[in-house]
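Accompanying notes for the structure given below.
In my numbering, the protein residues as written are 1 to 153.
See below:
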């Protein structure tokens with residue numbers, strides 16, 4: 001869901017933070033019909049039972065712990081969680097923290113992601129709110145919630 005593999009269309013934006021060498025980012029994904037809500041609920045259901053997972057990245061195999069936190073009050077629905085795993089840094093026992101806030105607004109999802117090593121990652125909540133408000137405003141201005149495309153102006 002975070003990579004928006006089942007989307008109709010998507011775009012990514014990378015943020016280079018002033019005081020962090022690790023980039024953050026946003027993936028916006030547009031879905032047809034109720035597929036955005038379905039994608040959101042699949043992730044929401046998975047977070048209820050998935051407490052850890054194993055994966056493979058460019059540095060090799062890893063094991064990540066999943067911690068869920070209270071979601072911000074943005075969009076139609078939102079999730080907030082961290083993926084904690086050992087960092088692949090030679091000679092160091094560092095911890096990688098990948099913070100994700102996943103938001104649904106109508107037929108669009110926004111995945112906000114921040115990465116930190118050796119400290120807690122935290123995507124700025126004011127930026128999330130600003131971006132979600134813009135997304136909500138754009139959808140409302142263009143009739144995105146109208147079921148009849150012929151009646152949209």
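Ideal Cβ positions, reconstructed from N, Cα and C, are used throughout, including at glycine.
**OP:** Return the first residue and the last residue of the beta strand (DSSP E) that residue 69 is part of.
**Re:** 60-69
- Message: I need the straight-line Cα distance from residue 136 to residue 127, nearest angstrom please.
- Response: 14 Å
Please return the same chain residues whose Cβ sits closer than 6 Å to the Cβ of residue 139, not counting the five positions on each side in sequence. 106
> If you follow the beta strand (DSSP E) that residue 25 is part of, which residue opens it and which one closes it?
Replying inline: 24-30
| message | Suppose contacts are defined by Cβ-Cβ distances below 7 Å. Is residue 123 in contact with residue 111 by that definition? | response | no
Across which residues does DSSP place residue 80 in a beta bridge pair? 69 and 101
CB of residue 97 within 7 Å of CB of residue 61, strictly | no
Does the Cβ of residue 99 have 16 or more other Cβ atoms within 10 Å, making it buried, or fewer, making it exposed? buried
Open item on the list: Taking the alpha helix (DSSP H) that residue 40 belongs to, which residues open and close that run?
Closed with: 35-49
Check: DSSP beta-bridge partners for residue 112?
Finding: 26 and 101
Local Cβ density within 10 Å of residue 109, reported as buried at 16 or more and exposed below that:
buried
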